[in-house]
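Residue numbers (my numbering): 49 to 339. Note that CB positions come from ideal geometry on N, CA and C, so glycine has one too. Encoded as structure tokens, the structure appears first; notes follow it.
Quick look at the structure:
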């Protein structure tokens, strides 16, 4: 078993190296777990969807981009959780991203045989990367996601079924380093409990960040961090971490592998604590396509 886990980690790390390789960062932003243009948990300031080519959508060219889609499979074996998520996004007027996502979470070990989540998001790019004729200004965007969960745990804990995330994020691709580096950092206001799957409560503030390295063409590897939000009444989420690898198979198709850690999976059920809630660690596989 340990050898199998070691092999999976090696594959994930190797995949991350592959993803970092494209100087054009062809597959970014991906559709994150909520459908928003980003990586896995976090949004990026870049908006989703590629422009139409010559002869395509002549009458509507510039009004909206091509769509993109993504699918995620998250396995958290310590907690007995399997999570499937799909999302899509496109951009209007090369500025306003609209997105939607759906998640199906198998969490029978925790009282819910299955949980469905629904997300609708919007992101507005306030500032273009390298604006004002510079080489150092990051892209800057503001956005929000409306989220709904049908989890039965919501009623047991006195939570709400729906809630809202708001965020401000800056993203920059640095090409002056020996290998290109993608940096992204942002602030989040959210009422989510366990990424919104368990429910929603009061709004709290948190920070998030991503760093990705692009050592060779068609491959990237990086790390993602999302601070756990304090949503009041003694309920806080654990910080989330992941190490990921992306392989840009073509200029349209991207594959991602990751190892994720979300905190102690049994804290609530062991001692009744609702602080630093998490669902353990596990592995992630993701497929994305940009039309």
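Judged by DSSP secondary structure, residue 264 falls within the beta strand (DSSP E) whose first and last residues are 247-264.
In this structure, DSSP gives residue 77 a state outside helix and strand, which the three-state scheme calls coil. Following the DSSP letters along the chain, one finds residue 203 inside the alpha helix (DSSP H) bounded by residues 201-205.
Taking C-beta separations shorter than 6 Å and ignoring five residues to either side along the sequence, the partners of residue 134 in its chain run 119, 150, following chain order. Nearest in C-alpha terms to residue 124, of all of 199, 190, 213, 153, is 153.
Taking the CA atoms as reference points, residue 220 sits about 43 Å from residue 204. Judged by DSSP secondary structure, residue 283 falls outside any beta strand (DSSP E); it is assigned neither H nor E. Shown here for residue 163: same chain residues with a beta carbon closer than 7 Å to its own, the five before and five after excluded, namely 153, 155, 197, 198, 199, 245 in chain order. Closest in alpha carbon position to residue 141, among 331, 179, 100, 148, is 100. Short of 6 Å from the beta carbon of residue 242, and not among the five residues preceding or following it, lie these beta carbons of its own chain, in chain order: 325.
Taking C-beta atoms under 8 Å as the contact rule, residue 167 and residue 82 qualify, at a distance of about 4 Å. When the alpha-carbon of residue 121 is set against those of 187, 114, 173, 130, the nearest one is in 130.
Straight-line spacing of the CA atoms in residue 289 and residue 238 works out to 18 Å. Per DSSP, residue 111 lies in no beta strand (DSSP E) and is assigned neither H nor E. C-alpha of residue 115 to C-alpha of residue 309: approximately 31 Å in a straight line. Of all alpha-carbon atoms in 225, 252, 329, 94, the one lying nearest the alpha-carbon of residue 280 is that of 252. A distance of 7 Å or more separates the beta carbons of residue 90 and residue 137.
The C-alpha of residue 127 lies about 24 Å from the C-alpha of residue 210. Beta-bridge annotation (DSSP): residue 167 is paired with 149, 195.
For residue 131, the enclosing beta strand (DSSP E) has its first and last residue at 129-140. Cβ-Cβ distances below 8 Å link residue 174 to 188, 189, 190 in the same chain, with the five nearest sequence neighbours on each side left out; the list follows chain order.
Only exposed fits residue 298, as fewer than 16 other CB atoms lie within 10 angstroms of its CB. Counting along the chain, the unbroken beta strand (DSSP E) around residue 334 starts and ends at 329-338.
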